[in-house]
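**Student:**
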Amino acid sequence: MKQYVSALDLIELSNDVGNAIVHSEHAINSLQLNTNNYNFEKVWQELLDIQFWGYDVTYQQAAKAVCEQLIQSACLVNEQQLMIDDEFIDECLDDIEQLKFDF
Numbered sequence: 000m001k002q003y004v005s006a007l008d009l010i011e012l013s014n015d016v017g018n019a020i021v022h023s024e025h026a027i028n029s030l031q032l033n034t035n036n037y038n039f040e041k042v043w044q045e046l047l048d049i050q051f052w053g054y055d056v057t058y059q060q061a062a063k064a065v066c067e068q069l070i071q072s073a074c075l076v077n078e079q080q081l082m083i084d085d086e087f088i089d090e091c092l093d094d095i096e097q098l099k100f101d102f
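Number 11 in numbering that gives the first Met the number 0 belongs to position 12 of the sequence shown; there are no gaps in the numbering.
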């Protein structure tokens with residue numbers, strides 16, 4: 000019999016991973032993670048592994064891989080966000096008002 004992953008399996012895994020991250024949110028936020036300052040193995044052992052201790056080894060490994068990719072991707076996206084200060088936004092809004100025309 001061939002083993003396969005169903006859409007339902009993926010949904011259940013993503014729900015479990017999402018719940019684990021939500022339950023670990025305060026601890027993860029307090030670490031202020033970025034791509035240069037974290038060791039995923041440490042994060043996994045201290046925070047996320049707790050959420051998956053009752054699962055079988057294969058499921059734990061899948062959850063670990065997904066968590067690692069999500070955190071790594073989130074750090075990369077965070078680094079690439081533009082930092083825009085309030086003064087710049089105010090200037091842009093002023094310029095938009097000047098560009099409005101009445102026809």
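Glycine included, each C-beta is placed from N, C-alpha and C at the ideal position.
1) Starting from the C-beta of residue 89, find all residues in its chain whose C-beta is less than 6 Å away, skip the five residues before and the five after it, and write them out in chain order.
2) Provide the residue span of the alpha helix (DSSP H) that contains residue 42, from first to last.
3) Quick one, which of 77, 57 and 72 has its alpha-carbon nearest residue 8's?
4) Tell me whether residue 68 is buried or exposed, calling it buried when 16 or more other Cβ atoms sit within 10 Å of its Cβ.
5) Which residues in the same chain have their Cβ closer than 6 Å to the Cβ of residue 19, if we skip the five residues on either side of it in sequence?
6) When the Cα atoms are used, what is the spatial distance from residue 39 to residue 2?
**Tutor:** With the given structure in hand:
1) none
2) 39-42
3) 57
4) exposed
5) 47 and 50
6) 30 Å
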